[in-house]
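Have a look at the structure below before the remarks.
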Amino acid sequence: MLEPPKFVDNDCYNGSRSFTWLADMVGLSVDLVNFLICQISALFLASLFRSMLHPSKVSSKLRHTFALSIGLAFGYFCFGQQAIHIAGLPAICYIVIRTQDPRIVQRAVLLVAMSYLLCVHLMRQLYDYGSYALDITGPLMIITQKVTSLAFSIHDGFVRRDEELTKAQQYHAIRKMPSALEYFSYVWHFQSILAGPLVFYKDYIEFVEGYNLLSSPPGNGNLENSKREVVLEPSPTKAVIRKVIGSLVCAFIFMKFVKIYPVKDMKEDDFQNNTSMVYKYWYAMMATTCIRFKYYHAWLLADAICNNSGLGFTGYDKDGNPKWDLISNINVLSFEFSTNMRDAINNWNCGTNRWLRTLVYERVPKQYGTLLTFALSAVWHGFYPGYYLTFATGAVVVTAARTGRRLFRHRFQSTQVTRMFYDILTCLITRVVLGYATFPFVLLEFMGSIKLYLRFYLCLHIISLVTIFILPKFIRGDRSARSSNGNGSVRLTAGKDGSVALTSGLPATAAAAALTASNDLNEDGAQDKHAQCKVNTPTHRQPSAAALHNNTTEQQPTEQLNNVNPRPRPQLQQQQPDKMPMPRCARDAVSVPHDQCEMDQLSSKLKEKIEAETKNIEEFIDKTVTETVSGIVEFKNDLMRDIEFPKLKLPGSAPLESSAGGGLRKRNISSVHDNGTDPGNAPADLHSSLEENGAAFLKKEIEVINAVVQQAVPAVLSNGHAK
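Position one of the sequence shown corresponds to residue 5 (my numbering), numbered consecutively onward.
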């Protein structure tokens, strides 16, 4: 039977102690028991919220009121008097939103929210240093994400023009100031108040009011463009069961192995002095892996709660299966089996990843994006020195990993065996690097982490620096790497890495994941497998006349959703033909990276570009050859039109008429007439001479055509387009 680890009860915990008896029975601390009780209760209340409080049955005000009331009750149950901070931070930020100019509201809210959060972080470190007990700072970090993202969306909707916004910013832009009920419901709703994930304001409002079940069919706006298609809402039962089971499995693994590899042993002198280097690496890798499963458990359960209430549905995939991944925070298998640091980062704490990219990385000058994103992510976590050691190490190893990938990856792509060997090797290396880089994040202490790094002889730091600064001077990188320029066009570069924006951060930290986009990111306008998210296949849609037409601009809804006529969303505006198209769903929006992105993320876009350019080149060559041959024939006809030339039969060919030009130059004919000889009665040697001249002419004309083609192709390749 599984024996749970004995967690030390925290005297600083201010939450309810009504279930102390249950905590003693199962061997957990009372704060963890309270957390689990609230999350399990939220899972069942989410089903009630989706069925009995469906937007087709009740008003949006009732749904808002129910969500925020339950959220506040959970907050008080888990944190007691500390719950005042859950109310205080968003209340102050709402006053700022309502009173400040939209041109500066985003900066004001960011300053106020981060200052409040930092004060709470500092107080916690003073009275409860190094504790992992359930604390108010966790919900406050999520609330900070919500209020700051809302403020930036208000700024985008009220101040900036559409052409100045990225697709993600266009989608999340808010053009109507939220009411107090909408605002506090968004901040306090019970689905994500304790463990997240982050839900952007527009997605939450659409979910509460039922607009997430209305899909705008494409069309040209000529026929029934005011209609909106009603999506058949699928049952989330399968997705919820799968995520709940995954959460329980992760909890089991955490409880089983956390006693075998306790993190605190890593700072003991006996461990640092009396163990081998290999064992130290193994222990760091296993200890950090065990800690990660605690986060897997919390995030998968929180995602299941949201899905069970109907939040997170993004449509159907190409096989007709419903997708519930709008706000998923973790992809466990993709993270644990990632073959490079970038993939690991993209699959860890995706909500924070999107938040940091939206607030900082896409809005600051490119040269400062990495530094400023690091600064916000580090401060958002708190003041523990272990966080900053992790961030600094992460910046070095991520940069080295990308450089090493450019130097070595193309050398293993010749056969399937070498590709498989490369993937397995890089997967194992990534596991070791994750343990090496992230143990300070869970150890928290500065001196303990530094001592252990010295016991490691800083070997991965040294290897990373050598890879970045020395190896590129001696080893030739992949010169077929691709990059994208600032305006989204694609070009080929020589000897450059495909990623033009530094990806920073660490998988063991949510904030460190901010510097890259998820793997399904493409350039603006690219169509990938994730781009169609509001019901891709017509067989899963409720029949609608508007669905029969393509390229319809997005209109305000007039159809009823289950006999309810929802009010139009004020932030939706009809798109102008000359403007960037509005993303039709959240997945489109969150799948849009910064102007620069990783090489592999552009693979599908580059493939389309290359195929288009190849087709243009082929058309240009065909056109050039056709025009050249036509010009040659016309030129020969002009030379031959005044010459009467009788039939001449070459060996193996039909008789050639003089009207057709004969395929022979004038000088060949003149030579015959100059000798005073009738061509029809010419001797055999003359016929042989004429045949040789004809063959020489044809050969020369072919050489002319080849020369024209050889001159045309480089010109097309250098210009990039065949026009």
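From the three backbone atoms N, C-alpha and C, an ideal C-beta is built for every residue, glycine too.
- Query: CB-CB under 6 Å to Thr343, same chain, minus the five flanking residues each way: which ones, in chain order?
  - Reply: Taking the sequence shown and counting its residues from 1, the one referred to as residue 343 is at position 339. The residues are Asp427, Thr430 and Cys431.
- Quick one: Cα of Arg21 to Cα of Ile197, how far? Start at 1 with the first residue of the sequence shown, and residue 21 comes out as number 17. Start at 1 with the first residue of the sequence shown, and residue 197 comes out as number 193. Rounded to whole angstroms, Arg21 to Ile197 spans 20 Å at the Cα level.
- Task: Using only alpha-carbon positions, find the residue among Gly79, Met345, Ala255 and Val400 that is nearest to Phe473.
- Result: Start at 1 with the first residue of the sequence shown, and residue 473 comes out as number 469. Of the candidates Gly79, Met345, Ala255 and Val400, the one whose C-alpha sits nearest the C-alpha of Phe473 is Val400.
- Task: Report buried or exposed for Tyr205, applying the criterion of at least 16 other Cβ atoms within 10 angstroms of its Cβ.
- Result: In the sequence shown, counting from the first residue as 1, residue 205 sits at position 201. Buried.
- Message: Do Val436 and Tyr285 have their beta-carbon atoms positioned less than 7 Å apart in this structure?
- Response: Within the sequence shown, the letter at position 281 stands for residue 285. Within the sequence shown, the letter at position 432 stands for residue 436. In contact: Tyr285 and Val436 (Cβ atoms closer than 7 Å).
- Query: DSSP on Tyr17, reduced to helix/strand/coil?
  - Reply: Taking the sequence shown and counting its residues from 1, the one referred to as residue 17 is at position 13. Note: Tyr17 maps to coil in three-state DSSP.
- Message: Need the endpoints of the alpha helix (DSSP H) that Tyr285 sits in, please.
- Response: To locate residue 285, count along the sequence shown from 1; it is residue 281. Residues Met281 to Asn312.
- Message: Measuring only the C-alpha atoms, how far is Ala396 from Gly214?
- Response: Stepping through the sequence shown from its first residue, residue 396 is reached at position 392. Stepping through the sequence shown from its first residue, residue 214 is reached at position 210. About 44 Å.
- Of all the alpha helix (DSSP H) runs that stay within the bounds of the segment 105 to 173, which reach a length of 4 or more residues? 109 to 131 and 141 to 162
- When you compare each of Ala77, Tyr457, Asn38 and Ala71 to Tyr17 by their alpha carbons, which one comes out closest? Taking the sequence shown and counting its residues from 1, one reaches residue 17 at position 13. When only C-alpha atoms are compared, the closest one is Asn38.
- Query: Which residue from Cys310, Cys294, Thr362 and Thr422 puts its Cα closest to that of Ile264?
  - Reply: Taking the first residue of the sequence shown as 1, we reach residue 264 at position 260. Out of Cys310, Cys294, Thr362 and Thr422, Cys294 has the C-alpha closest to the C-alpha of Ile264.
- Since Pro238 is in the alpha helix (DSSP H), which residue starts that stretch and which ends it? Start at 1 with the first residue of the sequence shown, and residue 238 comes out as number 234. Taken as a continuous stretch (DSSP letters only), Pro238 belongs to no alpha helix (DSSP H), as it is neither H nor E.
- Under 6 Å Cβ to Cβ from Gly724, same chain only, skipping five residues before and after it: list those, please. The count along the sequence shown starts at 1 and reaches residue 724 at position 720. Caution is warranted here: a pLDDT of 41 is assigned to Gly724, below 50, making its placement in the model unreliable, and the coordinate value is therefore given only provisionally. Hits under 6 Å: none found.
- Trp192 in three-state terms, based on DSSP: In the sequence shown, residue 192 corresponds to position 188, counting from 1. DSSP places Trp192 in helix when its eight states are reduced to three.
- Query: Alpha carbon to alpha carbon, what distance is there between Trp352 and Cys463?
  - Reply: Mapped onto the sequence shown, residue 463 falls at position 459. Mapped onto the sequence shown, residue 352 falls at position 348. About 26 Å.
- Verify whether the separation of the beta carbon atoms of Gly481 and Leu411 is less than 7 Å. Numbered from its first residue, the sequence shown carries residue 481 at position 477. Numbered from its first residue, the sequence shown carries residue 411 at position 407. Taking 7 Å as the Cβ cut-off, Gly481 and Leu411 qualify as a contacting pair.
- Task: Per DSSP, which residues does Lys327 bridge with? Please list them.
- Result: Numbered from its first residue, the sequence shown carries residue 327 at position 323. Beta-bridge pairing links Lys327 to Gly319.
- Among all the DSSP beta bridges, which residues are the ones paired with Ile334? Looking up residue 334 in the sequence shown gives position 330. According to DSSP, Ile334 bridges with Trp352.
- Query: Do Gly200 and Gly355 have their CB atoms nearer than 7 Å?
  - Reply: Within the sequence shown, the letter at position 196 stands for residue 200. Within the sequence shown, the letter at position 351 stands for residue 355. Yes.
- Ile140 classed as buried or exposed, judged by whether at least 16 other C-beta atoms fall within 10 angstroms: Within the sequence shown, residue 140 is the residue found at index 136, counting from 1. Ile140 is buried by the Cβ-count criterion.
- Does DSSP classify His58 as helix, strand or coil? On the sequence shown, residue 58 is found 54 positions in, with the first residue counted as 1. Coil at His58, not helix or strand.
- Query: What do you reckon, are the CB atoms on Ser251 and Phe53 nearer than 7 Å?
  - Reply: The sequence position of residue 251 within the sequence shown is 247, counting from 1. The sequence position of residue 53 within the sequence shown is 49, counting from 1. Against a cut-off of 7 Å, the Cβ pair of Phe53 and Ser251 comes out as no contact.
- Item | Selected residue, minimal CA-CA separation from Leu144, among Ser157, Thr407 and Leu122 | Position 140 of the sequence shown holds residue 144. For Leu144, the nearest C-alpha among the options comes from Leu122.
- Query: Taking just the CA atoms, how far does Ser157 sit from Gln173?
  - Reply: Residue numbering aside, residue 173 sits at position 169 when the sequence shown is read from its first letter. Residue numbering aside, residue 157 sits at position 153 when the sequence shown is read from its first letter. Rounded to whole angstroms, Gln173 to Ser157 spans 7 Å at the Cα level.
- Note down, in chain order, each residue of its chain lying with its Cβ closer than 6 Å to the Cβ of Leu728, except the 5 sequence neighbours on either side. The structure shown does not extend to residue 728, since the chain is modelled only from 5 through 727, so no value can be given for it.
- Of all the options Ser189, Thr362, Asp269 and His301, which has the alpha carbon lying nearest to the alpha carbon of Ile257? Within the sequence shown, residue 257 is the residue found at index 253, counting from 1. That would be His301, whose Cα lies nearest to the Cα of Ile257.
- So is the beta-carbon of Pro476 under 6 Å away from any non-hydrogen atom of the ligand SAM? Among the ligands in the structure shown, none appear at all, so the ligand SAM cannot be discussed.
- Count the other CB atoms within 10 Å of the CB of Asn333; is the residue buried (16 or more) or exposed (fewer)? Taking the sequence shown and counting its residues from 1, one reaches residue 333 at position 329. So Asn333 ends up on the buried side.
- Message: Using 7 Å as the threshold, is the C-beta distance between Val336 and Val446 below it?
- Response: Along the sequence shown, read from residue 1 onward, the residue named residue 336 stands at position 332. Along the sequence shown, read from residue 1 onward, the residue named residue 446 stands at position 442. Their beta carbons are not under 7 Å apart, which means Val336 does not touch Val446 by this criterion.
- If we count the other Cβ atoms within 10 Å of its Cβ and call it buried at 16 or more, is Val203 buried or exposed? Position 199 of the sequence shown, counting from 1, holds the residue named residue 203. Val203 comes out buried.
- Distance CB(Arg459)-CB(Gln276) smaller than 7 Å: Numbered from 1 along the sequence shown, position 455 holds the residue referred to as residue 459. Numbered from 1 along the sequence shown, position 272 holds the residue referred to as residue 276. Yes, the Cβ-Cβ distance between Arg459 and Gln276 is below 7 Å.
- Task: Report yes if the CB atom of Val151 is closer than 7 Å to the CB atom of Val113, and no otherwise.
- Result: On the sequence shown, position 147 is the one that residue 151 refers to. On the sequence shown, position 109 is the one that residue 113 refers to. For Val151 and Val113, yes; Cβs fall inside 7 Å.
- How many whole angstroms separate the CB atoms of Ala382 and Tyr392, which I take to be in contact at a CB cut-off of 8 Å? Taking the sequence shown and counting its residues from 1, the one referred to as residue 382 is at position 378. Taking the sequence shown and counting its residues from 1, the one referred to as residue 392 is at position 388. So it is a contact: roughly 6 Å between Cβ atoms.
- Would a check of beta-carbon distances place Thr356 closer than 7 Å to chain B? The question asks about chain B, but that chain is absent: this structure has only one protein chain.
- Neighbourhood of Asp132 by C-beta distance below 6 Å, restricted to the same chain and skipping five residues each side: Taking the sequence shown and counting its residues from 1, one reaches residue 132 at position 128. Here the set comprises Cys16.
- Query: What's the C-alpha gap between Arg107 and Arg367?
  - Reply: If you number the sequence shown from 1, residue 107 lands on position 103. If you number the sequence shown from 1, residue 367 lands on position 363. Taking the straight line joining both Cα atoms gives about 14 Å.
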